[in-house]
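Structure first, commentary second.
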Amino acid sequence: MTSSRDADDARYELTRQLRKLREKAGLTQEQLAERLGGSRFQVSRIECGRLPAYGGLLAVLETLEVPVTARAPLFRLWELAWQPGQHQVRPGRIGAASVTS
Numbered sequence: 001m002t003s004s005r006d007a008d009d010a011r012y013e014l015t016r017q018l019r020k021l022r023e024k025a026g027l028t029q030e031q032l033a034e035r036l037g038g039s040r041f042q043v044s045r046i047e048c049g050r051l052p053a054y055g056g057l058l059a060v061l062e063t064l065e066v067p068v069t070a071r072a073p074l075f076r077l078w079e080l081a082w083q084p085g086q087h088q089v090r091p092g093r094i095g096a097a098s099v100t101s
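UniProt numbering numbers the first residue of the sequence shown as 1 and each following residue consecutively.
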């Protein structure tokens with residue numbers, strides 16, 4: 001079982017890497033949100049630690065054109081950080097899912 005601290009560390013590292021990938025792609029939060037069919041607010045929340053469901057993360061990685069070979073470490077971080085009881089998922093935005101408060 002993952003400790004709360006391990007989950008927090010993984011969440012921080014994943015969101016830091018997602019922000020770096022967005023910036024490397026030369027996209028603003030608004031531009032990424034538009035490509036995902038969501039809002040800048042949703043992208044901001046992801047980058048601040050509110051993780052999307054698996055399908056949402058996959059949509060972000062595909063949109064940022066992250067090579068398949070580079071995705072495994074990001075999915076491992078997501079698995080460590082994901083705590084479904086603390087997240088609500090709404091289908092239809094940010095790929096297959098997005099996070100709400």
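Glycine residues also receive a C-beta, built at the ideal position from the N, C-alpha and C atoms.
Since the model is a prediction, treat every value here as computed from it, not as a measurement.
Could you check what DSSP says for residue i in three-state terms: helix, strand or coil?
i	result
residue 44	helix
residue 83	coil
residue 37	coil
residue 107	Look at the range of the chain in this structure, 1 to 101, and you will see that residue 107 is not part of it.
residue 66	coil
Short of 8 Å in beta carbon distance, which residues of its chain neighbour residue i, apart from the five on each side in sequence? Order them along the chain.
i	result
residue 105	The question about residue 105 has no answer, for the chain in this structure spans 1 to 101.
Taking the C-alpha atoms as reference points, what is the distance between residue i and residue j?
i	j	result
residue 13	residue 77	8 Å
residue 53	residue 46	10 Å
Buried or exposed for residue i, going by 16 or more other Cβ atoms inside 10 Å?
i	result
residue 69	exposed
residue 38	buried
residue 26	exposed
Leaving out the 5 sequence neighbours to the left and right, which residues in its chain are closer than 6 Å to residue i when beta-carbon positions are compared?
i	result
residue 28	none
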